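J.:
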Amino acid sequence: MGVEPGRLHFSWISSAESTKFVDVATKVIEEVRALGPAGQLAKTKAQVA
Amino acid sequence: MSDYTQKIRETAKKLLSEGKVDAVIGYREGTLPLMAEPCLVKDPEKVDQLVFNSFCGVNLANYLPKRKDRVAVVAKGCDSRNIALHIVENQVDRERLFVIGAPCTRMVDRRKVAAAVGGREISGVSEQDGKLTVSGPGYEQTVDKKDVLQDNCSICIHRNPVLADEMLGEKLPEQEADRYADVREVEAMSPEERFAHFKDLFSECIRCYACRNACPLCYCPTCFVDESKPQWVGKSIDPTDTMTFHFLRAFHCAGRCTDCGACERACPVGIKVRQLTRKLEKDCLGLFDWEAGMNPDVRPPLDTWRPEDPEEFIK
Ligand code: SF4
Ligand code: SF4
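Chain order of the listed sequences is U and A. For the first sequence, the numbering used here assigns the number 1 to the initial residue and increments by one for each residue that follows. For the second sequence, the numbering used here assigns the number 1 to the initial residue and increments by one for each residue that follows.
1. Cβ-heavy atom distance between A:Val-269 and ligand 2 below 7 angstroms?
2. Which full runs of the beta strand (DSSP E) of 3+ residues lie inside the segment 79-125 of chain A, going along the chain?
3. Is any heavy atom of ligand 2 found at a distance shorter than 7 angstroms from the C-beta of A:Val-273?
4. Take A:Leu-40 and list the residues in its own chain whose beta-carbon comes closer than 6 angstroms to its own, dropping the five residues that flank it on each side.
5. At a CB distance below 7 angstroms, what residues from the segment 14-44 of chain U approach chain A? Give them in sequence order.
6. Residues in its own chain within less than 7 angstroms of A:Val-21 by CB, not counting five upstream and five downstream?
7. Using the Cβ count rule (16 or more neighbours within 10 Å means buried), how would you classify A:Tyr-339?
8. Taking the alpha carbon of A:Glu-45 as the point to measure from, which residue in A:Glu-264, A:Arg-9, A:Lys-279, A:Lys-171 has its own alpha carbon closest?
9. In terms of residue numbering, what span does the beta strand (DSSP E) encompassing A:Tyr-139 cover?
10. What residues in its chain sit with their C-beta under 8 angstroms from that of A:Gly-130, if we drop five residues either side in the sequence?
11. Along chain U, in chain order, which residues have C-beta atoms closer than 8 angstroms to that of A:Asp-238?
12. Using a C-beta cutoff of 8 angstroms, does A:Phe-198 count as contacting chain U?
13. Determine the chain U residues that contact A:Ile-314 at a beta-carbon separation under 8 angstroms, and present them in chain order.
14. Going by DSSP, what residue range makes up the alpha helix (DSSP H) through A:Tyr-209?
15. Check whether the Cβ of A:Pro-230 lies closer than 8 angstroms to any Cβ atom in chain U.
16. Taking DSSP as the reference, what is the three-state secondary structure of A:Ala-75?
17. Can you give the beta carbon distance from A:Leu-280 to A:Ala-254, rounded, assuming they're within the 8 angstroms contact cut?
18. Kindly indicate if chain U contains any beta-carbon less than 8 angstroms away from that of A:Glu-192.
19. Which of the three DSSP states is assigned to A:Gly-286 in this structure?
20. With which residues is A:Ile-314 paired in a DSSP beta bridge?
21. Residues of chain U with CB under 8 angstroms from A:Thr-242, in chain order?
22. Output yes if chain U places a C-beta closer than 8 angstroms to the C-beta of A:Phe-195; else output no.
23. Which residue comes first and which comes last in the alpha helix (DSSP H) that contains A:Val-186?
24. Which of helix, strand or coil does DSSP assign to A:Cys-220?
25. Looking at A:Cys-211 and ligand 4, is the gap between the Cβ and the nearest heavy atom below 7 angstroms?
26. Which bits of chain U does A:Phe-245 rub up against, with CB to CB less than 8 angstroms?
27. Checking 8 angstroms against the spacing of the C-beta atoms, do U:Val-3 and A:Pro-191 come in under that value?
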C-alpha cells in the first residue's frame with residue numbers, strides 16, 4: 001500500500017535473547033530515523049482537531 | 001422465464017409447504033430494471049415473486065449470520081463459498097440451512113449496460129442466448145452479455161457452487177482467467193507511486209460504507225469504523241482516514257474474500273475496491289495455496305498456524 005520499506009520490521013525474539021532484542025531495537029531505530037517522520041497515513045494535530 | 005426461476009419457485013414451494021424451512025431467501029425483480037433485489041419468502045403461496053436472471057449479483061450469504069430460523073438460500077458459486085466460510089466461522093448452522101445451488105451464468109454490471117446504451121434511460125431489459133435487449137423511450141438496443149459482465153464475473157473461475165442441497169442445473173464449465181493483471185501493475189510500482197495510486201483510487205470515496213454493508217464477511221457487531229470509544233479511525237473524508245478504512249477493511253477480509261464483487265457493485269461512486277482484496281487473495285494463493293471458501297471444513301490461513309508457514313519477512 002505504499003508504506004516505505006524500512007518503516008516496518010518483524011522479528012522473533014525470545015525472552016532469553018536480550019542481546020538480540022537490543023540489536024534489533026537499535027537497528028529499527030536507526031533505519032526509521034533515517035527515513036524521517038512518517039508522512040503517509042498520518043495526520044497533523046491541526047488536521048485532527 | 002429462465003429454467004432457474006421455475007426451479008427456484010418449485011423448490012421454494014416444496015420446502016415451505018412441507019415445513020422443511022421457515023423462509024426462503026432469493027431474488028425478485030427490483031423496482032428498477034437491471035436490479036434484482038434480495039427477497040425473503042415465508043408463504044408458499046408467494047413464491048412466484050422469486051426470479052433468477054443476470055442481475056442477481058447481490059450476495060445472499062450476507063443475510064445468513066445470526067438467523068435463528070431454518071432458511072433456504074439461493075447461492076451462486078461465490079455465494080456458496082461465502083456460505084462455506086460462514087460455516088467455518090460459526091456464523092451459520094449447516095443443519096438449519098438448505099442451499100439451493102445455482103451454477104452461475106455470470107452477472108451483469110448495470111453501469112456497463114448504461115454506458116453501452118449511451119446513458120439513455122432504461123425502462124426494460126430482457127435476455128436470451130447471451131444477449132440483452134435493452135429498451136427505453138424511443139429505442140431498443142441489443143448488447144452482448146459478455147461485454148457488460150461485472151468485472152469480477154469476467155475473471156471468475158469458480159462459478160459452480162461448492163456446496164448445495166439441491167442444484168438448479170448441471171455444473172457449468174469453468175474458465176481459465178488471469179485474475180491479477182491489474183494487481184501486478186500496482187505491485188510493480190515504487191512505494192511512492194503506489195501510495196499515490198491508492199490515494200487517487202479512494203479520493204472520491206464518500207465513506208458511505210455501502211461496500212462494507214454489502215459484504216458477507218463484514219458481520220462484526222460493531223465495525224472498527226463505527227467504534228467511538230476508542231475511535232480507531234477518523235470519520236471524515238480526509239485521505240488518511242479514508243485509506244485507513246479501506247486498508248483495514250481489506251485486511252479483515254484477507255483469506256476470506258471470495259471476490260463476489262458485492263463491494264464494487266454497491267459503491268455509488270464506482271470505486272474499484274476489489275483491487276485491495278484481490279491483492280490479498282493473490283498473496284493467500286501464493287503463500288498458503290489458499291482460495292477462500294472452497295471447503296467448509298478447513299479454517300482460513302489467517303486463523304491457523306502451521307510450522308511451514310512462510311516467514312521470510314521476519315528477521
Ligand atoms: S463471481 Fe462467479 S459465481 Fe459470483 S456472480 Fe460472478 S460469475 Fe457468478
Ligand atoms: S461504497 Fe464506495 S463510496 Fe461508499 S465507502 Fe465504499 S468505496 Fe467509499
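Just so you know, even glycine gets a beta-carbon here, dropped at the ideal spot from N, CA and C. Bear in mind the structure is a predicted one, so any value in this text is a computation, not a measurement.
T.: So, from the listed chains and residues:
1. yes
2. 97-101
3. yes
4. Ala-23, Ile-25
5. Gln-40, Leu-41, Ala-42, Lys-43
6. Leu-15, Arg-70, Val-71, Ala-72, Phe-98
7. Lying outside 1 to 315, the shown extent of chain A, residue 339 of chain A is not represented and no answer is given.
8. Ranking the options by Cα distance to A:Glu-45, first place goes to A:Arg-9.
9. Per DSSP, A:Tyr-139 belongs to the beta strand (DSSP E) from 139-144.
10. Excluding the 5 residues flanking it on each side, A:Gly-130 has same chain C-beta neighbours closer than 8 angstroms at Asp-144, Lys-145, Lys-146, in chain order.
11. Going along chain U in sequence order, the residues near A:Asp-238 (Cβ under 8 angstroms) are Lys-43, Gln-47.
12. yes
13. Phe-10, Ser-11, Trp-12
14. Counting along the chain, A:Tyr-209 falls outside any alpha helix (DSSP H), and DSSP gives it neither H nor E.
15. A:Pro-230 does not count as touching chain U.
16. strand
17. 4 angstroms
18. yes
19. A:Gly-286 falls in the helix class under three-state DSSP.
20. The partner list for A:Ile-314 (beta bridge, DSSP) reads U:Phe-10.
21. By Cβ distance, chain U contributes nothing, its closest Cβ being about 11 angstroms from A:Thr-242, past 8 angstroms.
22. yes
23. 181-187
24. coil
25. What this structure holds is ligand 1 and ligand 2, not ligand 4.
26. Within chain U, no residue comes near A:Phe-245; the closest Cβ sits about 11 angstroms away, beyond 8 angstroms.
27. Less than 8 angstroms separates the beta-carbon of U:Val-3 from that of A:Pro-191.
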